Amino acid sequence: MFTLCAIFFLAWALISLGGEKPRIDRPIVYLYGLLIVAFALGVPGGAEPANGAAEWAKFLAQSSGFFIIFASLQRVPDGMARLGSGFGLSGLLVLVTLYFILFVQIGKPNFHPVHQLLEDNLPFLTLFILYYLQQRGFKPWNPLVLLCLAATIGYLVLAQGRAALLGLVVGLLCYGGLVLKWRARSLAAAAVIISALAGLYAGEFFKGQWTRHAILKAVDDLTSHRSVLWRQAIAAPPDNLLIGVGMGNAHRNKAMMRMEIGRLKRVKEAKHLHNFLLDAWYETGIIGLMSLLAWLGLMLRRGVRAWRSADGFAQQHAGLFLAASMAILTSALFSFSYRSKPFSIYLFIFLAALAFLDQSRRTVP
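Its first residue numbered 955, the sequence shown is counted upward by one per residue in this note's numbering.
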């Protein structure tokens, strides 16, 4: 269904964007081109070239939405407000749909929330829900706003989505600071969250049991044993450090992708490293990782610049898309890959909005 919708969207976008050539800063085009070329370098000599080529083509098709959204914002009147409202309405629909699916599945004997609940999109969509309600006069402490927040957090807790929950926390802090200007409250919320996380292992701390083994165990528990994958990847780097093993081919290293969970040492095999930086490094090498960091650095810097120089709704929009971007990047540090839909589609859409706001700021007389 997602692929079919994406094909229709791409066809519509290409037809509607015909005519005048969009105006976009050259550094953005050059860095994006460098990113695509860098990701392609390791494909021919990768562990599985056909799979790497397919993953590269998929990333290219998904991330190219950046330019479609950027061009659309230049042509559609009040495009930023429409984009934000669209994500807000979509977020409400997604939240209701997820709970409907949950109530259908929960009665089945093989129901397992960790494996069957889909929480990856909720952290950034929640921010758009809040902004959508805010634009319609709902105050932050309105019961409907609190209900949406409680529903999101409850779903994340039930799914045991620690990465998604952390992404939501970071996104909410950024939203409060950049959109609502709640400096003191953001700091207070951060202090409460950090204290709560520290309290998880306070018992061992006060008992003086913080040995190296205890620290590693605490980190493994907090990351759902994904840190085991990270240590194994660092201990067994790709043969070609510059260009990696090819996109989508990290899972072929079976030994690196296996991890033992729990006291029973249950063996589980992952499909990727659950950290977008390590995934990019292992699959596309140092060249790919540096290109990705350069791209993200340029776009986020422009977003911050747009927020600082704007006011009114333009500043709120910049803060909203910055907060949503940070929610995705935070979750991607512990969960999905740089090849995933939240990263290669939604993040690139948010970066397009930030680039548009920054370029508009410099071109408006």
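From the three backbone atoms N, C-alpha and C, an ideal C-beta is built for every residue, glycine too.
These numbers come from a predicted model, not from an experiment.
{"Item": "Distance CB(Phe1288)-CB(Ser1017) smaller than 7 Å", "Value": "no"}
{"Item": "Nearest-angstrom Cβ-Cβ length linking Glu1002 and Arg1185, presumed shorter than 8 Å", "Value": "About 25 Å separates the two Cβ atoms, so there is no contact after all."}
{"Item": "Exposure of Gly1251, with buried meaning 16 or more beta-carbon neighbours within 10 Å", "Value": "exposed"}
{"Item": "Classification of Phe1041 by the beta-carbon crowding that lies within 10 angstroms, buried from 16 upward", "Value": "buried"}
{"Item": "The region 977–997 touching the region 1226–1246, judged by at least three CB pairs closer than 8 Å", "Value": "yes"}
{"Item": "Span separating the alpha-carbon of Phe1160 from that of Gly1115", "Value": "Residue placement at Phe1160 cannot be trusted, given a pLDDT of 41 that sits under 50; the coordinates are not used to answer."}
{"Item": "DSSP three-state assignment for Lys1222, whether helix, strand or coil", "Value": "strand"}
{"Item": "Among Asn1096, Val1199 and Arg1262, nearest to Gly1239 - alpha-carbon criterion", "Value": "Val1199"}
{"Item": "Cα-Cα separation, Gln1269 to Ala1260", "Value": "7 Å"}
{"Item": "Backbone CA spacing between Gln1028 and Ala1007 [nearest angstrom]", "Value": "32 Å"}
{"Item": "Identity of the residues DSSP links to Arg1212 by a beta bridge", "Value": "Glu1223"}
{"Item": "Beta-carbon contacts of Pro1191 that lie in its chain and below 8 Å, excluding the five residues immediately before and after", "Value": "Tyr1236"}
{"Item": "Pick from Leu1122, Phe1304 and Phe1230 that is closest to Val1201, judged by C-alpha positions", "Value": "The sequence shown places Met at residue 1201, not Val. Closest by alpha carbon: Phe1230."}
{"Item": "Validate contact between the region 1117–1136 and the region 1055–1068 using beta carbons, cut 8 Å, 3 pairs", "Value": "no"}
{"Item": "As assigned by DSSP and simplified to three states, the class of Asn1005", "Value": "helix"}
{"Item": "Per-residue DSSP class, three states only, for Met1280", "Value": "helix"}
{"Item": "Contact belief for Leu1087 with Leu1098 at Cβ below 8 Å, rounded distance in angstroms", "Value": "7 Å"}
{"Item": "Exposure label - Leu1196; buried when at least 16 CB within 10 Å", "Value": "exposed"}
{"Item": "Segment limits, alpha helix (DSSP H) that includes Ile990", "Value": "Arg980 to Leu995"}
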